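First the structure, in the form of structure tokens, and then the observations on it.
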Amino acid sequence: MSPRAVSRGTTPRKTPRTDGLSRYLAERWRGIGLSLVVVVATLWLGATGQLGLYIHPRYFIFTTVMAGLGLVFVVASFAFRTRPADESRPAGRPTGDRTTAGRRALALGGSAALLTFAAVAVLGLPPATLTSATAIQREVNSGGLDSEAAAEEAADLVGTGDYDRLSVKEWVSLLAQSEDPALYADKTASITGFVLPDAADPDNVFYVARFVVTCCAVDAQPIGVAVYQPGWQASYDTDDWVQVSGTFMSNPSSRSADSLAVLPTTIEPVDQPSDPYVY
1 MSPRAVSRGT
11 TPRKTPRTDG
21 LSRYLAERWR
31 GIGLSLVVVV
41 ATLWLGATGQ
51 LGLYIHPRYF
61 IFTTVMAGLG
71 LVFVVASFAF
81 RTRPADESRP
91 AGRPTGDRTT
101 AGRRALALGG
111 SAALLTFAAV
121 AVLGLPPATL
131 TSATAIQREV
141 NSGGLDSEAA
151 AEEAADLVGT
161 GDYDRLSVKE
171 WVSLLAQSED
181 PALYADKTAS
191 ITGFVLPDAA
201 DPDNVFYVAR
211 FVVTCCAVDA
221 QPIGVAVYQP
231 GWQASYDTDD
241 WVQVSGTFMS
251 NPSSRSADSL
261 AVLPTTIEPV
271 DQPSDPYVY
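What follows is the structure, encoded as structure tokens:
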């Protein structure tokens with residue numbers, strides 16, 4: 001019998017089709033799992049009062065409602081699922097071999113590992129505020145304030161003579177309107193924020209800084225009031241939260257871009273406030 005005849009008489013072994021079920025399960029449950037992690041994290045942040053670390057308070061209700069709806073859809077997706085194309089093959093047809101089973105296990109295992117990592121990263125790690133690492137990438141006092149509205153608010157407080165109530169935001173707004181030393185000669189500032197070195201003169205000047213959030217932490221802009229305190233690094237570290245009291249004067253630093261600075265009478269370490277941003 002010729003090789004050609006043998007070839008014709010032999011039924012070639014069929015190559016198993018790709019296991020669509022494994023791909024379906026991996027892709028579907030990975031997507032559902034990631035959605036569940038994000039939704040639960042959002043609801044947890046809202047319940048614990050930490051949602052403000054990420055978004056402006058004006059969006060709290062909207063975000064919480066949308067997260068609640070998302071949770072409903074995620075739960076519903078567990079109850080209903082569409083049959084993948086490969087599930088429609090007739091009963092009795094082979095669905096794969098050991099290679100396919102291994103591929104399925106690898107896909108599901110990878111999805112489980114990804115979901116575990118995401119859950120630990122989002123739910124296990126404590127929420128963190130923005131720090132100097134973000135501030136140094138963005139110019140201080142370069143934006144983030146509605147100058148007119150902030151100045152009006154600051155002017156109202158100045159009119160009462162209660163300067164201790166002026167926050168970093170109000171002082172920055174006033175300084176943006178005028179840096180005439182005479183206007184600040186009799187005014188004592190008492191401000192709270194984190195320590196941010198002045199990039200132009202880090203040995204002598206630091207900012208009492210805060211982040212202004214317009215929409216969310218992504219668009220946050222650093223603002224701050226300059227404090228002249230040579231050798232401040234010996235007592236305080238960058239990102240330490242402090243309360244500084246003192247009077248304004250012409251900035252002795254020739255390198256700093258701020259013409260006015262606070263000459264501190266007291267610098268007290270304080271805990272980070274529960275709401276570290278300003279709006």
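Heads up: the sequence shown begins at 1 in UniProt numbering, then just goes up one per residue.
Using N, Cα and C, we set each Cβ at its ideal position, and we do this for glycine too.
Bear in mind the structure is a predicted one, so any value in this text is a computation, not a measurement.
Quick check: what's the CA-CA separation for L183 versus V225?
16 Å
Could you work out which residue in M66, G49, L36, T42 is closest to P273 when comparing CA atoms only?
G49
What is the rounded straight-line gap between the Cα of T214 and the Cα of H56?
6 Å
Cβ shell of L175 (< 7 Å), same chain only, five flanking positions each side left out:
L260
Does the Cβ of S256 have 16 or more other Cβ atoms within 10 Å, making it buried, or fewer, making it exposed?
buried
Please tell me whether T192 and Q233 are closer than 8 Å, where the distance is taken between their beta carbons.
no
According to DSSP, which residues form a beta bridge with M249?
A261
If contacts are defined as beta-carbon pairs under 8 Å, then P264 and S235 qualify, I think. What distance do you get, rounded to the angstrom?
Actually they do not touch by this definition, with Cβ atoms about 11 Å apart.
Going by beta carbon distance, what residues of the same chain come within less than 8 Å of V168, once the five residues before and after it are set aside?
I191, T192, G193, V208, A209, R210, I223, G224, V225, V278
Would you report the Cα separation of V195 and L53, rounded to the nearest angstrom?
19 Å
A220, DSSP secondary structure in three states
coil
Assigned secondary structure, I191 (DSSP; H/G/I helix, E/B strand, else coil):
strand
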